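There are 2 protein chains.
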Amino acid sequence: MVDIVMKFGGTSVADAARIRASAELVASEAARGQSVAVVVSAMAGETDRLIALAEQFGGGLGEDETDTVLATGEQISAALMALALRERGLKARSFQAWQSAIFVDGPPGDARISGFLTEAVEASADAGVIPVFAGFQGIDTERRVRTLGRGGTDLSAVAIAAALNARCDIYTDVDGVYTTDPRIEPKARRIDAISHDEMLELAAQGAKVLQTRSAEMAKARNVPLRVLSSFAKPGEARGTSVLDAGGIAERRIVSGVAYTRDQARIILLGASDNPAIAAEIFGALADVNIGVDMIVQGRARDAGTVNIEFSVDRRELGRAMTVMEDAHGDAREIIHETDLAKVSVVGLGLNRRADVARILFRALGSKGIDVKVIATSEIRISALIANDAVEQAVRALHSAYGLDGEGG
Amino acid sequence: MVDIVMKFGGTSVADAARIRASAELVASEAARGQSVAVVVSAMAGETDRLIALAEQFGGGLGEDETDTVLATGEQISAALMALALRERGLKARSFQAWQSAIFVDGPPGDARISGFLTEAVEASADAGVIPVFAGFQGIDTERRVRTLGRGGTDLSAVAIAAALNARCDIYTDVDGVYTTDPRIEPKARRIDAISHDEMLELAAQGAKVLQTRSAEMAKARNVPLRVLSSFAKPGEARGTSVLDAGGIAERRIVSGVAYTRDQARIILLGASDNPAIAAEIFGALADVNIGVDMIVQGRARDAGTVNIEFSVDRRELGRAMTVMEDAHGDAREIIHETDLAKVSVVGLGLNRRADVARILFRALGSKGIDVKVIATSEIRISALIANDAVEQAVRALHSAYGLDGEGG
Chain B
1 MVDIVMKFGG
11 TSVADAARIR
21 ASAELVASEA
31 ARGQSVAVVV
41 SAMAGETDRL
51 IALAEQFGGG
61 LGEDETDTVL
71 ATGEQISAAL
81 MALALRERGL
91 KARSFQAWQS
101 AIFVDGPPGD
111 ARISGFLTEA
121 VEASADAGVI
131 PVFAGFQGID
141 TERRVRTLGR
151 GGTDLSAVAI
161 AAALNARCDI
171 YTDVDGVYTT
181 DPRIEPKARR
191 IDAISHDEML
201 ELAAQGAKVL
211 QTRSAEMAKA
221 RNVPLRVLSS
231 FAKPGEARGT
241 SVLDAGGIAE
251 RRIVSGVAYT
261 RDQARIILLG
271 ASDNPAIAAE
281 IFGALADVNI
291 GVDMIVQGRA
301 RDAGTVNIEF
311 SVDRRELGRA
321 MTVMEDAHGD
331 AREIIHETDL
341 AKVSVVGLGL
351 NRRADVARIL
361 FRALGSKGID
371 VKVIATSEIR
381 ISALIANDAV
391 EQAVRALHSA
401 YGLDGEGG
Chain P
1001 MVDIVMKFGG
1011 TSVADAARIR
1021 ASAELVASEA
1031 ARGQSVAVVV
1041 SAMAGETDRL
1051 IALAEQFGGG
1061 LGEDETDTVL
1071 ATGEQISAAL
1081 MALALRERGL
1091 KARSFQAWQS
1101 AIFVDGPPGD
1111 ARISGFLTEA
1121 VEASADAGVI
1131 PVFAGFQGID
1141 TERRVRTLGR
1151 GGTDLSAVAI
1161 AAALNARCDI
1171 YTDVDGVYTT
1181 DPRIEPKARR
1191 IDAISHDEML
1201 ELAAQGAKVL
1211 QTRSAEMAKA
1221 RNVPLRVLSS
1231 FAKPGEARGT
1241 SVLDAGGIAE
1251 RRIVSGVAYT
1261 RDQARIILLG
1271 ASDNPAIAAE
1281 IFGALADVNI
1291 GVDMIVQGRA
1301 RDAGTVNIEF
1311 SVDRRELGRA
1321 MTVMEDAHGD
1331 AREIIHETDL
1341 AKVSVVGLGL
1351 NRRADVARIL
1361 FRALGSKGID
1371 VKVIATSEIR
1381 ISALIANDAV
1391 EQAVRALHSA
1401 YGLDGEGG
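Read top to bottom, the protein sequences are chains B and P.
In case it helps, this note's numbering puts the first sequence at residues 1 to 408.
In case it helps, this note's numbering puts the second sequence at residues 1001 to 1408.
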């Protein structure tokens, strides 16, 4: 049985001193009688170094041998963490994916965890030997090594915690989830507790502290998470708990403000007002895996026609425009706009408030920030704005939704 | 079916350019219709870097987690070699020990290959996908990664070739086995063909080109070897063939001169002339794995007593003297001497010549080099001399045994 899966990211295992500090946190939980398992990322910078090695031979991300190279980063830090734990008198051993029986499917460089036979790991934990997992990897049905994509060690940790029915503590270089990016808004405050739904929205809308797929899996499998700093002394890290909404005592209207820069917008002018056309366009984009966001359809100048607009990641714009060459329905013209950003306000209470949109328009309007598109979900409201207005917008929304004040 | 196992050492995969050059050699054999498998070492310097990482946490050689760290070196170069072969339009894939099913037993850092289930690898080769093995490693019965000790990739290659019934080509940074070290004797010549017995003696007596355990296994399993340079252009490497004695057309009396520096000698003075005493001494040394060489027992000054002397590696002297504190029989005194070296002459024809010892004494004597101990085997004669006389001795013996001349 494992109580806590402790995940340490690249900066938490960056060198011998950091590995030892992280090992001390593990030892502290063990001393409190917790049965722990550990999941580690590669030492900071190592994954980039390894990608550069593979790229010398045209082995980019998404190549099976690149995955074999990349997986060594976590293999090394897992072994070093096991050694560091032994230095502290604990029993520990490393587990590579083929040893821990973590199975994946999906393409190299972007695999998804499909199974985890917990037997060997649980036997280790039950025997008092702390399992230390090489994160970010699994093996596929052909017994090849596959990696899970950037930030994949978070995903490993959450999946392992889900399978072991344990809590998952994500140790990182910040001390929790903040109401917004403190580099932009110094009044940003650490959130004590947040729901899985809100965490997922914040991650998906640009908060960097937790990878979106991990937040998704934590929500789907209802894994209690904590996000906390590995730079704090044992017992002193406060962090943020990510829980089922029912577990959160204090309800806030809004939990945080997230942002994503480098968005682009594509506008099809004067297409027939016919649902089949939108289906054709968005189907073609989905076929090549281009994520589409903030879709708006509005009546156009010419009777019986509409304008269809949507946003995509700036890096996908070229591919999206190529797709549009074929799949544009009968649009009269296709235009695009870059240098856009998206700011989002996330909170469980948003759906109970009638004036959320008004607050947003007022807050941005008072700063002279033009809202190009607005979109809402149950617990989120987002606005597409100019890239260079992001910082001002984040601060304005942080204040307008009452996040600046004390208490939360 | 695999015809040739091609092994590339650390300098042959040191960087992208060297990996590409080695891939070209593989492509050249493949183009000649040979079915090849490849075995690679870690990139030059990588194993030292990885050992230093593990040593930061007290993970020395012989530690299971150190092995896990070390094995990544070969894992990376195998994947890069597979990518480099694909760049040339060949099909290839890497195999880690758990994928190629190479099993070992023995301690971490010094394991021995105990089995190799060739099925997956042969299926790959038969499907035209060149198997590229991460050398130097295997998995034990508990599914932990174990390394084979320094130079272990040679051993991997020979074991793989033996199991696949293939020839083993060892590509390295010299163009074959030489009659002696060319840095000491510029007249040293490359040997075209040499027997397994001679190769084993040369390796055991200090020739660095092939690891002793690999030479042993090649002899035991009768694996035809070639030692050749990866720096030569495809088809231009001549190298040295290591064969069954029957396969060597031209017989020489002597094949080469090897040397080992840093020997030490221990002398027990005035022990009883009783075989039980020698048995006690050498038994105690064997119990702690100290290799003993050049044993001499001679009558001592006092009637009924003998002096027993033997040589050990200088690095083992401290441990050996500690053992001698308990296990010294009834010797009157134990003394030791350092700064010694061993020079050895190896040749299949030595046992047919009555005057080999005389030639050795004369050659060394003419240079004023004192022979402290002499020892012979069927195909070898060795002398213990002063460390600082090694170079002169090697040159004198190279000349005296007729190795300086043309042809050979």
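We put the beta carbon where it would ideally sit given N, CA and C, even for glycine.
A quick note: this is a predicted structure, and the numbers were derived from the prediction, not measured.
- Taking C-beta atoms as the reference points, P/L1285 and P/V1292 count as a pair closer than 9 Å.
- Under the 9 Å criterion on CB atoms, B/S344 is classed as non-interfacial with respect to chain P.
- Residues of the region 1139-1151 of chain P with a C-beta less than 7 Å from any C-beta of chain B: R1143, listed in chain order.
- Straight across, the Cα-Cα distance linking B/A258 with B/L225 is about 20 Å.
- Secondary structure note for P/E1065: its alpha helix (DSSP H) is the uninterrupted segment 1064-1087.
- Counting C-beta pairs closer than 8 Å gives three or more between the region 1266-1281 of chain P and the region 1317-1336 of chain P, which meets the contact rule.
- Any Cβ of chain B closer than 9 Å to the Cβ of P/L1050 would place that residue at the interface, and such an atom is present.
- Where P/P1131 is concerned, the enclosing beta strand (DSSP E) starts and stops at 1130-1134.
- Interface flag for P/A1044 against chain B is unset, since no Cβ pair is found closer than 9 Å.
- Within the region 1124-1171 of chain P, the runs of alpha helix (DSSP H) at least 4 residues long that lie entirely inside it are, in chain order, 1152-1164.
- Close to chain B, meaning a Cβ-Cβ distance shorter than 8 Å, is no residue of the region 1215-1236 of chain P at all.
- Residue contact with chain P for B/F57: present (Cβ-Cβ distance below 9 Å to some residue of chain P).
- If you keep only unbroken alpha helix (DSSP H) runs of at least 4 residues inside the region 242-323 of chain B, you get 275-287.
- P/R1213 and P/C1168 have their C-alpha atoms roughly 15 Å apart.
- Contact between the region 113-120 of chain B and the region 1090-1102 of chain P is absent: fewer than 3 CB-CB pairs across the two stretches fall below 8 Å.
- Proximity of chain B to P/S1094 at the Cβ level (cut-off 7 Å) is accounted for by E65, T68, in chain order.
- Residue pairing for P/S1344: DSSP places it in a beta bridge opposite P/A1258, P/S1382.
- Residue state for B/L225 is assigned as strand, using DSSP reduced to three classes.
- For P/M1043, there is no enclosing beta strand (DSSP E), as DSSP marks it with neither H nor E.
- In the pairwise beta carbon analysis, the region 183-190 of chain B is classified as not touching the region 135-151 of chain B: fewer than three pairs are separated by under 8 Å.
- Across the region 110-121 of chain B, CB contacts with chain P closer than 9 Å involve A120, in sequence order along the chain.
- Counting only Cβ-Cβ distances below 8 Å, B/A284 has no contacts in chain P at all, with the closest Cβ about 32 Å away.
- Pairwise C-beta distances place the region 1132-1142 of chain P out of contact with the region 1196-1208 of chain P, as fewer than three of them are shorter than 8 Å.
- Annotation for P/T1376: the continuous beta strand (DSSP E) segment containing it runs 1373-1377.
- By alpha-carbon distance to B/P107, the top candidate from B/L85, B/A354, B/T66, B/S94 is B/T66.
- Cβ-Cβ distances below 8 Å link P/E1198 to S1255, G1256, V1346, G1347, L1348, I1379 in the same chain, with the five nearest sequence neighbours on each side left out; the list follows chain order.
- In terms of Cβ geometry, B/S28 and B/P234 form a close pair [threshold 9 Å].
- Interface residue (Cβ-Cβ distance to chain B less than 9 Å): P/T1153 is not classified as such.
- Of B/D262, B/I248, B/M217, B/T68, the smallest CA-CA separation from B/S114 is found for B/M217.
- Here the alpha carbons of B/G45 and P/S1094 stand approximately 24 Å from one another.
- Interface annotation, P/T1072: in contact with chain B, CB-CB separation under 9 Å.
- Chain-ordered, the chain B residues with CB closer than 7 Å to the CB of P/Q1099 read R143.
- When Cβ pairs closer than 8 Å are counted between the two stretches, the region 1016-1026 of chain P is seen not to touch the region 1055-1074 of chain P, the count staying below three.
- In terms of Cα proximity to B/G405, the closest of B/R252, B/R146, B/S344, B/A327 is B/R252.
- Within the region 1318-1341 of chain P, contact with chain B at the beta-carbon level (separation under 9 Å) is assigned to no residue.
- A distance below 7 Å between beta-carbons, with the five flanking residues on each side excluded, links B/I19 to the following residues of its chain, in chain order: V13, L80, M81, A84.
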